[in-house]
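J.: Let me give you the structure first, and then I'll get to my questions.
Protein chains: 2
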Amino acid sequence: MTSTPPPLDATQLGAYFALIEASSLLKHSVEQQLRDAGDLSYVQFQLLATLGDSPTGSRRMTDLADGVVYSRSGLTYQAQTLEKRGLVTRSQSSDDERGVTVTITEEGRAVLAEVFPGHVAVLDDLLFAPLTRADVETLADILARARDHMRQTPPRSAGARRRKKAAAAD
Amino acid sequence: MTSTPPPLDATQLGAYFALIEASSLLKHSVEQQLRDAGDLSYVQFQLLATLGDSPTGSRRMTDLADGVVYSRSGLTYQAQTLEKRGLVTRSQSSDDERGVTVTITEEGRAVLAEVFPGHVAVLDDLLFAPLTRADVETLADILARARDHMRQTPPRSAGARRRKKAAAAD
DNA sequence: ATCAGTTGCTTCGAATCCGAAGCATTTGAC
DNA sequence: GTCAAATGCTTCGGATTCGAAGCAACTGAT
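Here the protein sequences come in this chain order: A and B.
Counting from 34, one number per residue, gives the positions in the first sequence under this note's numbering.
Counting from 34, one number per residue, gives the positions in the second sequence under this note's numbering.
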């Protein structure tokens, strides 16, 4: 029974659709450029960029997955792929025996450098071209707030593993 | 020709990352809700919603694919899936022998109605909660401009087939 | 120390996705 | 009319994705 009429007005719908469409279109174009320039998928680029941004060039798997909004298993797959191509190395974390530290290689940095200018060019052409400086600032502010809110609002059934015990007092 | 890395300033980077992260996080949560509420993927929901929005309840495949930012083959797959579940029907277009018209069924509308309130709830909780009314208006305006720009800016290296203008009458 | 619970990552199976190739129809040029 | 190119969609093959289950290591309490 749909007893609750949609409390979304036209403006909200517009913002929602525009958000989804814009990010989809942008992602598609970026993906194409990355594929052409360095044979990288978007996730792979994100991973390399995240690693390259780190002072040590390394991160733990979980941190990577969280940063990129990705599943653990998907990250394992991509990390393996990147390792096979020699763009990253994987090693046991020093303090935690079961932790895996991923580190970008020189080769990885090279690919990153290869791809980056084109990446930026796509962003300039598609995203920033029709926007003023003030628009970009405003956009960054609003979306950052939304993102932060989502980050700290736990999905109803994701994130932590289901607790089997203590079900009664959950 | 990669001699001039166009620099992105902090604000631009912030806007870009926030856009990607926010849309990713939102999409993930929405996907979960749709899966739980009606066993629909996000694309499937988008398709049903698009069809439901049409006065006739029908659209041609290509128009659907464009609207949802999806590959043709992916759309074929999803249309088949939805047809198997009885949520849409597919039939030959009247004026074009090779065109396929997809139409939402009563069952499809029912599922849509079933899922919609929860969908809206997620949007309210995650996207709109931390934003003011003015924020939403601004966001809609800016992103709509960006989206429109992307829509009419063809991918530079895409050897995609040229597509003509679609008929306005529906 | 030991046990149960938690966490980090991987493996597994299945679903989904895309691009390229293919088929059928339409369009445009001649 | 006929042919070549363009268009609409599907099929095919392969890559990517996720959740669930599994294994190993850490933690805290006893």
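Don't be surprised by glycine CBs; every beta carbon is placed ideally from N, CA and C.
Using Cβ-Cβ distances below 7 Å, what residues of the stretch 48–68 of chain B are close to chain A?
T.: Answer set for the stretch 48–68 of chain B: Ala48, Tyr49, Ala51, Leu52, Ile53, Glu54, Ala55, Ser56, Ser57, Leu58, Leu59, His61, Ser62 and Gln65.
J.: Along the chain, where does the beta strand (DSSP E) that runs through Arg166 of chain A open and close?
T.: Against the first sequence, residue 166 of chain A aligns to sequence position 133. First-last for Arg166 of chain A: Arg166 to Gln185, but that is the alpha helix (DSSP H), not the beta strand (DSSP E).
J.: Counting only Cβ pairs nearer than 7 Å, list the residues of chain B close to Ile175 of chain A.
T.: Residue 175 of chain A sits at position 142 when you count from the first residue of the first sequence. Those are Leu164, Asp168, Thr171 and Leu172, listed as they occur along chain B.
J.: Pull up the CB-CB distance for Thr134 of chain A and Ser91 of chain A, whole angstroms please, since I reckon it's below 8 Å.
T.: In the first sequence, residue 134 of chain A corresponds to position 101, counting from 1. In the first sequence, residue 91 of chain A corresponds to position 58, counting from 1. So it is a contact: roughly 5 Å between Cβ atoms.
J.: Rounded to whole angstroms, what's the CA-CA distance from Leu46 of chain B to Val153 of chain A? Just pull it up for me.
T.: Reading the second sequence from its first residue, position 13 is the one you call residue 46 of chain B. Reading the first sequence from its first residue, position 120 is the one you call residue 153 of chain A. About 10 Å.
J.: What do you get for Ala199 of chain A, buried or exposed, if any count of 16 or more other CB atoms within 10 angstroms of its CB means buried?
T.: As a position in the first sequence, residue 199 of chain A is number 166, starting the count at 1. With a pLDDT of 33 at Ala199 of chain A, under the threshold of 50, the modelled position of this residue cannot be trusted; read the value that follows with caution. Exposed, because fewer than 16 other Cβ atoms sit within 10 Å of the Cβ of Ala199 of chain A.
J.: Mind checking whether Leu28 of chain B and Gly107 of chain B have CB atoms under 7 Å apart?
T.: Examination of residue 28 of chain B is not possible in this model, given that chain B is present from 34 through 203 alone.
J.: Please look up how many angstroms separate the CB atoms of Val121 of chain A and Thr138 of chain A, rounded, as I've assumed it's under 8 Å.
T.: Residue 121 of chain A sits at position 88 when you count from the first residue of the first sequence. Residue 138 of chain A sits at position 105 when you count from the first residue of the first sequence. With 8 Å as the limit, Val121 of chain A and Thr138 of chain A qualify as a contact, their Cβ atoms being about 6 Å apart.
J.: Please state the DSSP three-state secondary structure of Val102 of chain A.
T.: Counting from 1 along the first sequence, the entry for residue 102 of chain A is found at position 69. Val102 of chain A: coil per DSSP, three-state reduction.
J.: Going by other Cβ atoms of all chains shown within 10 Å of its Cβ, with 16 needed for buried, is Thr165 of chain B buried or exposed?
T.: Walking along the second sequence from the start, residue 165 of chain B turns up at place 132. Exposed: under 16 other Cβ atoms inside 10 Å.
J.: Once the 5 residues before and after Glu140 of chain A are set aside, which same chain residues still bring their CB inside 6 Å of it?
T.: Start at 1 with the first residue of the first sequence, and residue 140 of chain A comes out as number 107. Same-chain partners within the cutoff: Gly119 and Leu120.
J.: Please report the distance separating the alpha-carbon of Thr171 of chain B from that of Leu160 of chain A.
T.: Translated into positions along the second sequence, residue 171 of chain B becomes position 138. Translated into positions along the first sequence, residue 160 of chain A becomes position 127. Going from the Cα of Thr171 of chain B to the Cα of Leu160 of chain A covers about 16 Å.
J.: Compare the Cα-Cα distances from Asp128 of chain A to each of A:Arg93, A:Thr44, A:Gln185 and A:Glu54 and report the closest residue.
T.: Start at 1 with the first residue of the first sequence, and residue 128 of chain A comes out as number 95. The option with the nearest alpha carbon to Asp128 of chain A is A:Arg93.
J.: At 4 residues or longer, and completely inside the stretch 110–134 of chain A: list those alpha helix (DSSP H) runs for me, N to C.
T.: Listed in chain order, nothing qualifies, since the stretch 110–134 of chain A has no complete alpha helix (DSSP H) run of 4 or more residues.
J.: Take Gly132 of chain A and list the residues in its own chain whose beta-carbon comes closer than 6 Å to its own, dropping the five residues that flank it on each side.
T.: Within the first sequence, numbered from 1, the residue matching residue 132 of chain A stands at position 99. The answer, listed in chain order, is Arg93 and Ser126.
J.: Excluding the 5 residues preceding and the 5 following Thr114 of chain B in the sequence, name in chain order all residues of the same chain whose CB lies nearer than 8 Å to its CB.
T.: One-based indexing of the second sequence puts residue 114 of chain B at position 81. Around Thr114 of chain B: Gln77.
J.: Verify whether the separation of the beta carbon atoms of Leu176 of chain A and Leu52 of chain B is less than 7 Å.
T.: Position 143 of the first sequence, counted from the first residue, corresponds to residue 176 of chain A. Position 19 of the second sequence, counted from the first residue, corresponds to residue 52 of chain B. Going by C-beta atoms, Leu176 of chain A is nearer than 7 Å to Leu52 of chain B.
J.: Strictly under 7 Å for the Cβ-Cβ distance: is Leu81 of chain A near chain B by that measure?
T.: Within the first sequence, numbered from 1, the residue matching residue 81 of chain A stands at position 48. With 7 Å as the cut-off, Leu81 of chain A does not count as an interface residue toward chain B.
J.: Going by C-alpha to C-alpha distance, which of A:Thr44, A:Ala55 and A:Ala43 sits closest to Arg178 of chain B?
T.: Here the question's residue 178 of chain B lines up with position 145 in the second sequence. Closest option to Arg178 of chain B, Cα to Cα, is A:Ala55.
J.: Would you say Ala179 of chain A faces chain B, with C-beta separation under 7 Å as the test?
T.: The sequence position of residue 179 of chain A within the first sequence is 146, counting from 1. Yes, because at least one Cβ of chain B sits closer than 7 Å to the Cβ of Ala179 of chain A.
J.: Taking the straight line between their C-alpha atoms, what separation do you get for Arg195 of chain B and Glu116 of chain B?
T.: Counted from its first residue, the second sequence places residue 195 of chain B at position 162. Counted from its first residue, the second sequence places residue 116 of chain B at position 83. Low confidence applies to Arg195 of chain B: its pLDDT is 38, below 50, so where it sits in the model is not reliable enough to give any reading.
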